[in-house]
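When the sequence shown is numbered by the working numbering, its final residue is 699 and no position is left out of the sequence of numbers. The beta carbon of each residue, even a glycine, is placed where N, CA and C say it ideally should be. Data first, discussion second: the structure below is written as structure tokens.
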Amino acid sequence: MASSLRIVSTSRPALTSPRQLAWQLVQAPQSLDAAATEAIARISQDPEVTKGRDLIRRFAEPIGRCGVRSDAPPANPSAVLGTWLTDALSCGIPAVETFAAGVRQDEAAVKAALTMP
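What follows is the structure, given as structure tokens:
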């Protein structure tokens, strides 16, 4: 007599791809759907991910607010960028530090993009 054992999976759904996750990280949290919010919450259980997430959002926020369709640019985007660069270059997360070093190399161009129409 064969027993019928039913296995019920209680695991969470798989995370999205790294590319999708990166895109979700630069979006405003209130614009994310429930699945994306859950994915970000899951990876944010790691303190390094939380630090990186916060730095990514701090970089993306003024970029988005300085866009062509934005009506509320930051008061001093150059200062915001400078503070972000200082924090990102010393955060201890190699990928963020490398990205910040590239932004620093192109800092004049980034500032121009943030401050000029």
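Asked                                                                                             : Found
Contacting residues, own chain, Cβ-Cβ under 7 Å from Glu630 (five flanking each side not counted) : Ile675
CA-to-CA distance, Thr598 to Ala621, given in whole angstroms                                     : 7 Å
Short Cβ contact (8 Å threshold) for Pro644 with Leu603                                           : no
Helix, strand or coil at Ala682 [DSSP, three-state]                                               : helix
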